[in-house]
């Protein structure tokens, strides 16, 4: 069966360090992978999109990599700040499908 | 200037009741969605409409019925509410049908509690 897995344990990190989150998938042929941020009591907010033929994408302090051989995406927050504390969700759009499927999210807590 | 707005934000009701959640987007998007987020925080798609046409209908009980009067609105009606329906329901929209180059824009959710 198709699965999207993110580390369910919270990631505690010191301010200024780089946070690295993992999104692994099985039995998918994703065309696109997206990352969202969700704050408590709010809806997810889109951050970055990466296509299957792209290895890396950057936006300000955020970097996403996509390895279709490993079936994995890594999401990096460099120079992390307490304001980066949130839950981060990865989502995949299958090449043959038209719906975006989400992982369970990883909570990040950046301590000052 | 809310892009995707849904009402109510909180909904507490008893088992067996019928309730509706409303959603409106002012982004001019063609496609709208309903997602359910359970207590484990998994977001699962329920329905999707493109220009008022139902294009995704996941395996949800037929007590759930979406209605799209126009492409800016997508409402969710739930009949005979059950305890297991308690969750946060998110409305979302995207510019294009398959989200290829058009990420989802979410509302802030409706927390439904069935007692």
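Protein chains in written order, with the working numbering: chain A, 4 to 115; chain B, 1225 to 1339. We treat Cβ as the ideally placed atom computed from N, Cα and C, and that holds for glycine.
- Task: Please decide whether residue 1288/B counts as near chain A, where near means a Cβ-Cβ distance under 9 Å.
- Result: no
- Quick one: grab the DSSP three-state call for residue 1296/B. coil
- Query: Taking the C-alpha atoms as reference points, what is the distance between residue 90/A and residue 66/A?
  - Reply: Between the alpha carbons of residue 90/A and residue 66/A lies a gap of roughly 16 Å.
- Closest by CA to residue 1249/B, which one among 1241/B, 1236/B, 1264/B and 1275/B? Relative to the Cα of residue 1249/B, the nearest Cα in the group 1241/B, 1236/B, 1264/B and 1275/B belongs to 1275/B.
- Task: Could you check if residue 69/A is buried or exposed, using at least 16 other CB atoms within 10 Å of its CB as the buried criterion?
- Result: buried
- Can you tell me whether DSSP reads residue 34/A as helix, strand or coil? Strand, per DSSP.
- Message: Considering only DSSP beta bridges, list what residue 1248/B is partnered with.
- Response: 1229/B and 1297/B
- Measure the C-alpha to C-alpha separation of residue 1333/B and residue 8/A and round it to an integer number of angstroms. 23 Å
- Neighbouring residues, chain B, relative to residue 37/A (Cβ below 7 Å): 1327
- Item | Chain-ordered neighbours of residue 1332/B on chain A, where CB pairs are closer than 8 Å | 44, 45 and 46
- Message: Can you tell me where the beta strand (DSSP E) holding residue 94/A begins and where it ends?
- Response: 89-97
- Item | Contact between the region 10-29 of chain A and the region 40-59 of chain A (3+ Cβ pairs under 8 Å) | no
- So who's on the other strand from residue 9/A, going by DSSP bridges? Paired residues: 26/A.
- Query: Going along the region 14-37 of chain A in order, which residues come within less than 8 Å of chain B, judged by CB to CB distance?
  - Reply: 34, 35 and 37
- residue 17/A - partner residues in DSSP beta bridges: 114/A
- Item | Integer-rounded CB distance, given that residue 1316/B should sit under 8 Å from residue 1329/B | 6 Å
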